[in-house]
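The structure appears below as structure tokens.
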Amino acid sequence: MITFAETNKKIAIIGECMAEVSQLSLQPGEASSDAKLSFGGDTLNCAIYMAREGVSPAFITSIGDDFVSDWMLSCWQEEAVDCQYVSQEPGSAPGLYAIRTDSDGERSFTYWRSGSPASRMFDSETKINRVFTALEQFDLVFLSGISLAIISDQDKEQIIERLGHYRKAGGLVVFDGNYRQQLWDSLASTRLWYDRLYKEVDIALATLDDEQKIYPGSTQEDVAERLLASGVSEVVLKLGEKGCSIYDPSTQKGIAVSTTPVKPVDTTSAGDSFNGAYLAQRIQGENPLEAAKHANQVAAHVVMHKGAIVPKSIYGVEK
42 MITFAETNKK
52 IAIIGECMAE
62 VSQLSLQPGE
72 ASSDAKLSFG
82 GDTLNCAIYM
92 AREGVSPAFI
102 TSIGDDFVSD
112 WMLSCWQEEA
122 VDCQYVSQEP
132 GSAPGLYAIR
142 TDSDGERSFT
152 YWRSGSPASR
162 MFDSETKINR
172 VFTALEQFDL
182 VFLSGISLAI
192 ISDQDKEQII
202 ERLGHYRKAG
212 GLVVFDGNYR
222 QQLWDSLAST
232 RLWYDRLYKE
242 VDIALATLDD
252 EQKIYPGSTQ
262 EDVAERLLAS
272 GVSEVVLKLG
282 EKGCSIYDPS
292 TQKGIAVSTT
302 PVKPVDTTSA
312 GDSFNGAYLA
322 QRIQGENPLE
332 AAKHANQVAA
342 HVVMHKGAIV
352 PKSIYGVEK
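The sequence shown begins at 42 in the working numbering and counts up by one.
Laid out in structure tokens, this is it:
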């Protein structure tokens, strides 16, 4: 397990935030009249929930210079997310997705993100240097499978290599696989890039359902064994309504952490809110078990409400 001897660690989060259209009725022959414009993205969601837990992360991304991008940026700043490393690309607009949620709280998505500013965030040496120069000020960096999926293979090569240098300089890398099939050409491609990245990961915040899609037939133990064998020092395997399990190289055995059963309304940010709460607790000196217990509570609270970001007025989970 990772030991945080100091509790003033700084973390940066790399990824994409898009505009979100939700609460779609989409009845045949009827125009939707109840659609809501918001924003979301796994890494941004994580950043906001982390900030609400008392740790203000830096968000590293690229958006447009349109009024929607300006609005999103102002909202992030209101949430105490450090936005000094958010770049705004002239003449561009952020990606967009529409989300529909069924009666069980499960969601389906339609995306318009090809060529978004965030997908071009590492497409030049200047841009890559800007990001990794900024990371020299941070003790940890968090990214996800979506952060990886939206950039070109050439950019993936560069990022993984630079993350290796970042770790050699003392930085810690945190990765949530967060697999989205539609963003990858094939399972073989996903496995290739995930396996390469996991060799540069210190803390893995994986989800069993995702890992079983990438490696069909895998058990919890199979997933944990594979990630630990890659060199990961701390594996948290999220299990949905069953909570999570924590693994470390010294024992090779999982510690089960249960959660409170709830009937979800919207599972959009279940994993993202867990990640934000878990990392905030760890950075503030909590041990993995207690951090996971609290993160489970946060995720259970979040899925009881619609949308990726629960309004501040109703957010609050006692530790």
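Heads up, the beta-carbon is just placed ideally off N, CA and C, and yes, glycines get one too.
Quick caveat, the model's predicted, so the values are computed rather than measured.
CA nearest to the CA of residue i, picked from the options
i	options	result
Gly312	Glu262, Lys334, Thr300 and Ala340	Ala340
Asp123	Leu269, Met91 and Glu166	Met91
Lys283	Ala46, Ala134, Ile296 and Ser274	Ile296
Ala134	Ser291, Pro290 and Glu61	Glu61
Lys353	Thr174, Glu119 and Ser110	Glu119
Ser299	Ala333, Arg267, Asp251 and Ser144	Ala333
Ser128	Arg93, Lys240 and Cys58	Cys58
Arg203	Leu238, Asn328, Gly105 and Ser97	Leu238
Asp143	Pro305, Thr48 and Val343	Pro305
For residue i, the first and last residue of its enclosing beta strand (DSSP E)
i	result
Ala139	Leu137 to Thr142
Asp217	Leu213 to Asp217
Val339	Careful: Val339 lies outside any beta strand (DSSP E), inside the alpha helix (DSSP H) at Pro329 to Val343.
Ala297	Ile296 to Val298
Ser149	Arg148 to Trp153
For residue i, the three-state DSSP class (helix, strand or coil)
i	result
Leu184	strand
Asp226	coil
Ala190	helix
Thr231	helix
Ser128	strand
Gly205	helix
Paired residues, beta bridge with residue i - DSSP
i	result
Lys279	Thr248 and Cys285
Phe45	None; Phe45 has no bridge partner.
Met59	Gly81
Thr292	Paired residue(s): none; Thr292 is not in a bridge.
Asp372	One cannot answer for residue 372 here, as it falls past the ends of the chain, which runs 42 to 360.
Boundaries (first-last residue) of the alpha helix (DSSP H) holding residue i
i	result
Ala159	From DSSP, Ala159 is part of no alpha helix (DSSP H); its letter is neither H nor E.
Ile169	Glu166 to Leu176
Ile324	Ala311 to Ile324
Val264	Gln261 to Ala270
Phe108	Phe108 to Glu119
Would you check if there are 3 or more beta carbon pairs closer than 8 Å linking the stretch 78-86 to the stretch 308-322? Contact holds: three or more Cβ-Cβ distances are below 8 Å.
Evaluate the contact criterion for the stretch 176-185 versus the stretch 272-279: three or more CB pairs, one atom per stretch, below 8 Å. Cβ pair count under 8 Å is below three, so no.
Contact between the stretch 290-305 and the stretch 240-260 (3+ Cβ pairs under 8 Å): In short, these stretches do not touch, since the Cβ pair count stays below three.
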